[in-house]
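Visitor:
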Amino acid sequence: MGYHLVSWSQESPSLDVRSFVRQDVDELFVGQFEHALDIKGRIVLPASFRASFDQSGFLIKGSEGCLALLTPERFRDIAQTMASRSEEGDVRHRSAKRSFGAGASRVLPDKQGRIAVPEDLRSFAQLDRDCVIVGAIDEVEIWDSARWQQITEVGDSLLESPDEFNDGGPT
Numbered sequence: 076m077g078y079h080l081v082s083w084s085q086e087s088p089s090l091d092v093r094s095f096v097r098q099d100v101d102e103l104f105v106g107q108f109e110h111a112l113d114i115k116g117r118i119v120l121p122a123s124f125r126a127s128f129d130q131s132g133f134l135i136k137g138s139e140g141c142l143a144l145l146t147p148e149r150f151r152d153i154a155q156t157m158a159s160r161s162e163e164g165d166v167r168h169r170s171a172k173r174s175f176g177a178g179a180s181r182v183l184p185d186k187q188g189r190i191a192v193p194e195d196l197r198s199f200a201q202l203d204r205d206c207v208i209v210g211a212i213d214e215v216e217i218w219d220s221a222r223w224q225q226i227t228e229v230g231d232s233l234l235e236s237p238d239e240f241n242d243g244g245p246t
């Protein structure tokens, strides 16, 4: 299970995975790029994404079996929300906070723009060699190429029929 979009509503203790997408995103990540993991488990960030991660970034377990690369600011926003919610006393919130922190990895790009993907995160996302790096608006996702093909087919079909997922916003 991925953790990157998890938040909790005050009205309902259930997890709402859509409510944490920021509305004030300063950095927009778009496009898809095919890259390969090298023998040391590193992957090259696309040039258009590098400036956002020049100091560091955070790799976390993403939804549907991908990895999400977050800017330090985005990671901090999510972590602070999780920390404040866990202080409210709900054991589920504390457990989610622990899992989120334990499953995250701070990454520092090298001079070639490569980040090292830890073995446990490569295993989670089933990354072997061929990967796709995807700009997912407010985060960067790293997918196994075959898995990305499956996911993108579903997303493309939804875009062809926007009424199926539209909640009143622009189509």
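Note that my numbering has the sequence shown beginning at 76, numbered continuously upward. We put the beta carbon where it would ideally sit given N, CA and C, even for glycine.
Per DSSP, what are the beta-bridge partners of residue 110 in this structure?
Guide: 206
Visitor: For residue 191, which residues in the same chain have their Cβ closer than 8 Å to its Cβ, ignoring the five residues on either side in sequence?
Guide: 115, 116, 117, 182
Visitor: In this structure, how does DSSP classify residue 229 when only helix, strand and coil are distinguished?
Guide: helix
Visitor: Roughly how many angstroms separate the alpha carbons of residue 104 and residue 163, rounded to a whole number?
Guide: Per the coordinates, the alpha-carbon of residue 104 lies some 33 Å from the alpha-carbon of residue 163.
Visitor: Let me check one thing: in DSSP terms, what residues is residue 215 bridge-paired to?
Guide: 144, 210
Visitor: With burial defined as no fewer than 16 other Cβ atoms inside 10 Å of the residue's Cβ, what is the status of residue 137: buried or exposed?
Guide: buried
Visitor: At the level of alpha carbons, what is the spacing between residue 226 and residue 219?
Guide: Answer to the nearest angstrom: the Cα atoms are 10 Å apart.
Visitor: Can you grab the Cα-Cα spacing for the pair residue 111 / residue 206, in whole Å?
Guide: Rounded to the nearest angstrom, the two C-alpha atoms are 5 Å apart.
Visitor: Mind checking which residues open and close the alpha helix (DSSP H) that includes residue 198?
Guide: Run containing residue 198: 194 to 199, per the alpha helix (DSSP H) assignment.
Visitor: According to DSSP, simplified to helix, strand and coil, what is residue 178?
Guide: Residue 178: helix per DSSP, three-state reduction.
Visitor: Along the chain, where does the beta strand (DSSP E) that runs through residue 22 open and close?
Guide: Look at the range of the chain in this structure, 76 to 246, and you will see that residue 22 is not part of it.
Visitor: Count the other CB atoms, across all protein chains shown, that sit within 10 Å of the CB of residue 144; report buried if there are 16 or more and exposed otherwise.
Guide: buried
Visitor: Tell me whether residue 103 sits in a helix, a strand or coil according to DSSP, three-state version.
Guide: In the three-state scheme derived from DSSP, where H, G and I count as helix and E and B as strand, residue 103 is classed as coil.
Visitor: Between the region 117 to 126 and the region 170 to 178, can you find at least three pairs of beta-carbon atoms closer than 8 Å?
Guide: no
Visitor: So, using beta-carbon positions, are residue 133 and residue 180 closer together than 8 Å?
Guide: In this structure, residue 133 places its C-beta atom within 8 Å of the C-beta atom of residue 180.
Visitor: Look up residue 171 in the DSSP assignment and say whether it is helix, strand or coil.
Guide: helix
Visitor: Can you tell me which residues form a DSSP beta bridge with residue 134?
Guide: Answer is 144, 180, bridged to residue 134.
Visitor: What does DSSP give as the partner residues of residue 117 in its beta bridges?
Guide: 191
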